[in-house]
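Using our numbering, read the sequence shown as starting at 358 and increasing by one per residue.
Every residue gets a Cβ at the ideal spot worked out from N, C-alpha and C, and that includes glycine.
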Amino acid sequence: MTDPVLTTREREEGAVFAPKFDAAGLLTAVVVDASDGAVLVVAHMNAAALEATLSSGKVHFWSRSRGALWMKGETSGHYLAVEAVLVDCDQDALLIRATPAGPTCHTGARSCFYRQIDTREGVSALTRIDT
Numbered sequence: 358m359t360d361p362v363l364t365t366r367e368r369e370e371g372a373v374f375a376p377k378f379d380a381a382g383l384l385t386a387v388v389v390d391a392s393d394g395a396v397l398v399v400a401h402m403n404a405a406a407l408e409a410t411l412s413s414g415k416v417h418f419w420s421r422s423r424g425a426l427w428m429k430g431e432t433s434g435h436y437l438a439v440e441a442v443l444v445d446c447d448q449d450a451l452l453i454r455a456t457p458a459g460p461t462c463h464t465g466a467r468s469c470f471y472r473q474i475d476t477r478e479g480v481s482a483l484t485r486i487d488t
């Protein structure tokens with residue numbers, strides 16, 4: 358995926374898909390459950406992860422900690438099947454609607470967002486929530 362030179366108007370309103378990767382070669386991908394819109398995971402994609410996602414129909418990411426491409430579910434079998442890929446206005450973030458084949462989080466939770474911050478008497482603590 359080459360990055361064509363586009364005007365702001367072309368990038369924001371045109372039909373050319375020209376993902377705008379950051380200095381590290383990444384863009385943010387927010388994955389939501391296609392059935393109810395629940396946020397499942399937020400991760401990063403490089404060009405290879407994006408291409409693998411679009412060509413396979415299964416969500417792939419770039420692991421910054423491992424420095425490697427990985428497909429969500431490759432070891433657990435809990436794949437994220439792509440239903441739709443939306444791009445934000447300046448094409449530097451994606452919203453992926455997917456159907457999960459099991460829990461999304463490596464902890465076994467449905468979503469990686471399974472805790473909320475509760476602040477009482479000036480002290481913040483995490484509380485597990487059903488997701």
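Candidates Asp393, Ile453, Ala409 and His463: which alpha carbon is nearest Ser433's? What you label residue 433 is simply residue 76 of the sequence shown in a count that begins at 1. Nearest of Asp393, Ile453, Ala409 and His463 to Ser433, Cα basis: His463.
Sort out for me which residues DSSP pairs Ala441 with in a bridge. Counting from one through the sequence shown, the residue named residue 441 turns up at place 84. DSSP output for Ala441 lists Arg454 as bridge partner(s).
Nearest-angstrom beta carbon gap, Val399 and Val387 [assumed within contact, 8 Å]: For the purposes of this step, residue 387 is identified with residue 30 of the sequence shown, where counting begins at 1. For the purposes of this step, residue 399 is identified with residue 42 of the sequence shown, where counting begins at 1. About 5 Å separates the Cβ atoms of Val387 and Val399, confirming a contact at the 8 Å cut-off.
Could you say if the stretch 389 to 408 and the stretch 469 to 478 meet the contact criterion of at least three C-beta pairs nearer than 8 Å? yes
Among the residues of its own chain, which have a CB less than 8 Å from the CB of Arg485, if the five just before and after it don't count? Position 128 of the sequence shown, counting from 1, holds the residue named residue 485. So the qualifying residues of the chain are Tyr471 and Arg472.
With DSSP as the reference, label Ala395 as helix, strand or coil. On the sequence shown, position 38 is the one that residue 395 refers to. Three-state result, Ala395: coil.
Pull the bridge partners of Ala482 from the DSSP assignment, please. For this step, residue 482 is matched to residue 125 along the sequence shown. In the DSSP output, where bridge partners are listed per residue, Ala482 has Asp475.
Suppose you measure from the CA of Ala458 to the CA of Glu440; what does that come to, to the nearest Å? What you label residue 458 is simply residue 101 of the sequence shown in a count that begins at 1. What you label residue 440 is simply residue 83 of the sequence shown in a count that begins at 1. Taking the straight line from one Cα to the other gives about 13 Å.
Minimum C-alpha distance to Leu384 - residue among Gly371, Ala375, Asn403 and Glu367: Against the sequence shown, residue 384 aligns to sequence position 27. If we check each option's Cα against that of Leu384, Asn403 comes out closest.
Give me, in chain order, the residues of the same chain whose beta-carbon lies closer than 6 Å to that of Glu369; leave out the 5 immediate sequence neighbours on both sides. Numbered from 1 along the sequence shown, position 12 holds the residue referred to as residue 369. For Glu369, where only same-chain residues beyond five positions count, the Cβ hits under 6 Å are Cys446.
So Ala438 packs on Gly414, CB below 8 Å; how close in whole Å? Locating residue 438 in the sequence shown gives position 81, where the first residue counts as 1. Locating residue 414 in the sequence shown gives position 57, where the first residue counts as 1. Confirmed, Cβ separation roughly 6 Å.
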